[in-house]
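> Residue numbers (my numbering), protein chains in the order written: chain L, 396 to 595; chain E, 396 to 595.
Glycine included, each C-beta is placed from N, C-alpha and C at the ideal position.
From a predicted model like this one, the values you see are computed outputs, not experimental measurements.
#1: My output table needs one value for residue 469(L): the three-state DSSP class, helix, strand or coil.
#2: Going straight from the alpha carbon of residue 561(L) to that of residue 569(L), what length do you get?
#3: Between the Cα of residue 435(E) and those of 430(L), 552(L), 428(L) and 448(L), spot the shortest distance and give me the residue it belongs to.
#4: Can you tell me which of the three DSSP states residue 431(L) falls into?
#5: Alpha carbon to alpha carbon, how far is residue 480(L) from residue 553(L)?
#6: When the Cα atoms are used, what is the spatial distance from residue 501(E) to residue 462(E)?
#7: Just list the beta strand (DSSP E) runs in the segment 455-525 of chain L, keeping only unbroken ones of 3 residues or longer that don't cross its boundaries, in chain order.
#8: Taking Cβ positions only, does residue 539(E) come closer than 8 Å to chain L?
#9: Report yes or no: is there a C-beta of chain E within less than 8 Å of the C-beta of residue 567(L)?
#10: Taking the C-alpha atoms as reference points, what is the distance between residue 410(L) and residue 486(L)?
#11: Verify whether the separation of the beta carbon atoms of residue 465(L) and residue 477(L) is less than 8 Å.
#12: Using DSSP with H/G/I as helix, E/B as strand and the rest coil, what is residue 419(L)?
#13: Determine, for residue 441(L), whether the minimum Cβ-Cβ distance to residues of chain E falls below 8 Å.
#14: Report the residues of the segment 457-478 of chain L with a CB closer than 9 Å to any CB of chain E, ordered along the chain.
#15: Distance check for residue 508(L) and residue 547(L), CA to CA, integer angstroms please.
#16: Measuring only between beta-carbons, confirm whether residue 500(E) sits less than 8 Å from chain L.
#17: Could you check what DSSP says for residue 573(E) in three-state terms: helix, strand or coil?
#18: If you reduce the DSSP assignment to three classes, tell me which class residue 528(E) lands in.
#19: Can you give me the C-alpha to C-alpha distance between residue 451(E) and residue 444(E), rounded to a whole angstrom?
#20: Please confirm whether residue 576(E) has its beta-carbon closer than 8 Å to some beta-carbon of chain L.
#21: Within the continuous beta strand (DSSP E) that includes residue 404(L), where are the two ends?
#22: Looking at C-alpha atoms only, which residue of 537(E), 424(E) and 588(E) is the closest neighbour of residue 497(E)?
#23: What does DSSP give as the partner residues of residue 452(L) in its beta bridges?
#24: Any beta carbon of chain L sitting closer than 8 Å to that of residue 554(E)?
#25: Would you mind stating whether residue 458(L) and residue 541(L) have Cβ atoms separated by less than 8 Å?
#26: Can you tell me whether residue 595(L) is buried or exposed? The criterion is at least 16 other CB atoms within 10 Å of its CB, across all chains shown.
#27: Whose CA, out of 423(E), 590(E), 414(E) and 460(E), lies closest to the CA of residue 424(L)?
#28: If you draw a straight line from the alpha carbon of residue 574(L) to that of residue 545(L), how long is it in whole angstroms?
#29: Leaving out the 5 sequence neighbours to the left and right, which residues in its chain are closer than 6 Å to residue 528(E) when beta-carbon positions are compared?
#30: In the DSSP assignment, the alpha helix (DSSP H) including residue 584(L) goes from what residue to what residue?
#31: Suppose contacts are defined by Cβ-Cβ distances below 8 Å. Is residue 566(L) in contact with residue 587(L) by that definition?
#32: Measuring CA to CA, which of 488(E), 499(E) and 493(E) is closest to residue 505(E)?
#33: Assign residue 596(L) to one of three DSSP states: helix, strand, or coil.
#34: Taking DSSP as the reference, what is the three-state secondary structure of residue 544(E)?
#35: For residue 418(L), which residues in the same chain have their Cβ closer than 7 Å to its Cβ, ignoring the five residues on either side in sequence?
#36: Looking at the strands, I want to know which residues DSSP matches up with residue 535(L).
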């Protein structure tokens with residue numbers, strides 16, 4: 396509630412409050428800031444949002460979100476076709492790209508299997524992954540899923556379905572994060588780091 | 396940096412990061428959320444923002460932001476004309492309206508006098524306030540400015556300039572906030588609450 400402002404401002408605040416990280420109070424603050432910087436921020440942001448809403452589509456190959464289909468990653472000739480990295484969300488893809496850790500192609504599942512949330516194999520981009528992995532040019536599928544129970548369940552199901560294709564299926568290493576202090580790590584991570592110890 | 400996303404997404408993230416309360420990381424999260432809820436959130440928000448940017452203007456009487464000029468408050472026939480409440484920002488006006496504490500008209504200064512930030516009397520809606528207060532129908536001006544040094548300096552300057560008009564100039568009471576614990580209050584507030592004590 397902005398009080399006596401017109402319905403247009405009310406509606407703007409209500410919509411802003413739906414963004415992750417903004418509540419009713421910070422949405423009001425954001426709306427005031429936008430109205431103060433009308434030409435410098437509000438108009439460009441409205442235009443950028445309208446353009447993105449119009450142009451952005453999921454990539455028909457990998458499920459990444461981009462303004463072109465196939466997406467920038469799938470069209471990049473410098474990236475190899477033989478390794479596919481499977482991620483849960485576009486946000487995870489962005490994180491891996493920021494880290495510069497991978498130069499192959501991706502496959503965005505769009506979530507993980509979850510009995511609790513009623514997410515089954517048909518709700519994910521799973522069939523298209525099996526198809527891509529079996530097309531003959533793929534030698535390895537890296538499962539970069541979150542180290543959560545649902546993430547690991549999903550990894551097992553994918554590994555199972557890929558078994559017949561003969562491609563090698565790998566997962567990200569578990570261990571001590573860079574900069575991590577042993578004292579603050581959970582038992583599972585410590586145990587995994589011990590099991591996977593390697594010569595220095 | 397969203398990694399491999401197109402320039403449209405990059406730009407959306409950069410603009411979102413300029414909102415108060417959002418940093419680069421939460422702006423990425425907000426952009427992903429918007430792209431996921433394209434029809435339910437991104438398109439309506441873009442439209443609401445464009446509409447607000449086009450329609451919202453400062454009220455020529457009081458400085459409030461609204462889609463109509465004079466604003467909803469100034470046009471309201473149920474609100475008295477004899478008392479003007481002076482606030483620093485539109486956000487303060489909204490806060491007082493939410494509290495339902497005041498049924499007169501407002502005057503938004505657009506800031507406070509500040510030697511440090513180089514804000515002088517000409518940078519505020521001060522001249523129009525003196526004019527409004529002196530038009531004969533106003534009997535009281537309530538200074539609802541923040542209890543900061545700059546806020547109080549500004550209050551003194553306004554009181555000074557209104558002295559010749561003969562309208563009574565008042566300020567919000569200082570005291571213990573509702574729900575406040577004495578142990579956590581600063582000395583200035585406690586001293587002010589003692590000075591302004593009243594029969595129960």
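Concretely, from the data shown:
#1: One-based indexing of the first chain puts residue 469(L) at position 74. Reduced to three states, the DSSP call for residue 469(L) is helix.
#2: Against the first chain, residue 561(L) aligns to sequence position 166. Against the first chain, residue 569(L) aligns to sequence position 174. Taking the straight line joining both Cα atoms gives about 24 Å.
#3: Here residue 435(E) refers to the residue found at position 40 when the second chain is read from its first residue. Residue 448(L) is the option with its Cα nearest to residue 435(E).
#4: Here residue 431(L) corresponds to residue number 36 of the first chain, with the count starting at 1. Of the three classes helix, strand and coil, the one that applies to residue 431(L) here is helix, per DSSP.
#5: Taking the first chain and counting its residues from 1, one reaches residue 480(L) at position 85. Taking the first chain and counting its residues from 1, one reaches residue 553(L) at position 158. Approximately 12 Å between the Cα atoms of the pair.
#6: Looking up residue 501(E) in the second chain gives position 106. Looking up residue 462(E) in the second chain gives position 67. Distance between the alpha carbons of residue 501(E) and residue 462(E): 17 Å.
#7: 478-482 and 500-503
#8: Residue 539(E) sits at position 144 when you count from the first residue of the second chain. No, because no Cβ of chain L sits closer than 8 Å to the Cβ of residue 539(E).
#9: Walking along the first chain from the start, residue 567(L) turns up at place 172. Not an interface residue.
#10: As a first step, residue 410(L) is located in the first chain; it is residue number 15 there, counting from the start. As a first step, residue 486(L) is located in the first chain; it is residue number 91 there, counting from the start. Going by the C-alpha atoms only, they are around 22 Å apart.
#11: Here residue 465(L) refers to the residue found at position 70 when the first chain is read from its first residue. Here residue 477(L) refers to the residue found at position 82 when the first chain is read from its first residue. No, Cβ-Cβ distance for residue 465(L) and residue 477(L) is not below 8 Å.
#12: Residue mapping note: residue 419(L) aligns to position 24 of the first chain, counting from 1. Of the three classes helix, strand and coil, the one that applies to residue 419(L) here is helix, per DSSP.
#13: Locating residue 441(L) in the first chain gives position 46, where the first residue counts as 1. Yes - at least one Cβ of chain E is within 8 Å of the one on residue 441(L).
#14: 459, 460, 461, 462, 463, 466, 467, 468 and 471
#15: In the first chain, residue 547(L) corresponds to position 152, counting from 1. In the first chain, residue 508(L) corresponds to position 113, counting from 1. One C-alpha to the other measures close to 9 Å.
#16: To locate residue 500(E), count along the second chain from 1; it is residue 105. Closer than 8 Å: no.
#17: Taking the first residue of the second chain as 1, we reach residue 573(E) at position 178. Coil, per DSSP.
#18: In the second chain, counting from the first residue as 1, residue 528(E) sits at position 133. Helix at residue 528(E).
#19: If you number the second chain from 1, residue 451(E) lands on position 56. If you number the second chain from 1, residue 444(E) lands on position 49. Taking the straight line from one Cα to the other gives about 10 Å.
#20: On the second chain, residue 576(E) is found 181 positions in, with the first residue counted as 1. Taking Cβ atoms only, chain L never reaches closer than 8 Å to residue 576(E), which makes this a no.
#21: The residue labelled residue 404(L) in the question sits at position 9 within the first chain. Premise fails: residue 404(L) lies in the alpha helix (DSSP H), 402-411, not in any beta strand (DSSP E).
#22: Along the second chain, read from residue 1 onward, the residue named residue 497(E) stands at position 102. Of the candidates 537(E), 424(E) and 588(E), the one whose C-alpha sits nearest the C-alpha of residue 497(E) is 537(E).
#23: Within the first chain, numbered from 1, the residue matching residue 452(L) stands at position 57. Residue 452(L) pairs with 461(L).
#24: If you number the second chain from 1, residue 554(E) lands on position 159. Judged by the 8 Å Cβ criterion, residue 554(E) is not in contact with chain L.
#25: Position 63 of the first chain holds residue 458(L). Position 146 of the first chain holds residue 541(L). Result no, Cβ atoms of residue 458(L) and residue 541(L) do not sit closer than 8 Å.
#26: Translated into positions along the first chain, residue 595(L) becomes position 200. With fewer than 16 other Cβ atoms within 10 Å, it is exposed.
#27: The sequence position of residue 424(L) within the first chain is 29, counting from 1. Here the closest residue by C-alpha is 414(E).
#28: Sequence index remark: in the first chain, residue 574(L) carries index 179 (1-based). Sequence index remark: in the first chain, residue 545(L) carries index 150 (1-based). About 27 Å.
#29: On the second chain, residue 528(E) is found 133 positions in, with the first residue counted as 1. These residues qualify, in order along the chain: 536, 557, 560 and 562.
#30: Taking the first chain and counting its residues from 1, one reaches residue 584(L) at position 189. Counting along the chain, the alpha helix (DSSP H) containing residue 584(L) begins and ends at 582-590.
#31: The sequence position of residue 566(L) within the first chain is 171, counting from 1. The sequence position of residue 587(L) within the first chain is 192, counting from 1. Their beta carbons are not under 8 Å apart, which means residue 566(L) does not touch residue 587(L) by this criterion.
#32: Counting from one through the second chain, the residue named residue 505(E) turns up at place 110. Closest option to residue 505(E), Cα to Cα, is 488(E).
#33: Summary: the structure shown does not reach residue 596(L), with chain L confined to residues 396 through 595, and so no result is reported for it.
#34: Stepping through the second chain from its first residue, residue 544(E) is reached at position 149. Residue state, collapsed to three classes: helix.
#35: As a first step, residue 418(L) must be located in the first chain, where it is residue number 23. If we look at residue 418(L) and ignore the five residues flanking it on each side, its Cβ neighbours are 412.
#36: In the first chain, counting from the first residue as 1, residue 535(L) sits at position 140. For residue 535(L), which the question treats as bridged, DSSP gives the partners 478(L) and 563(L).
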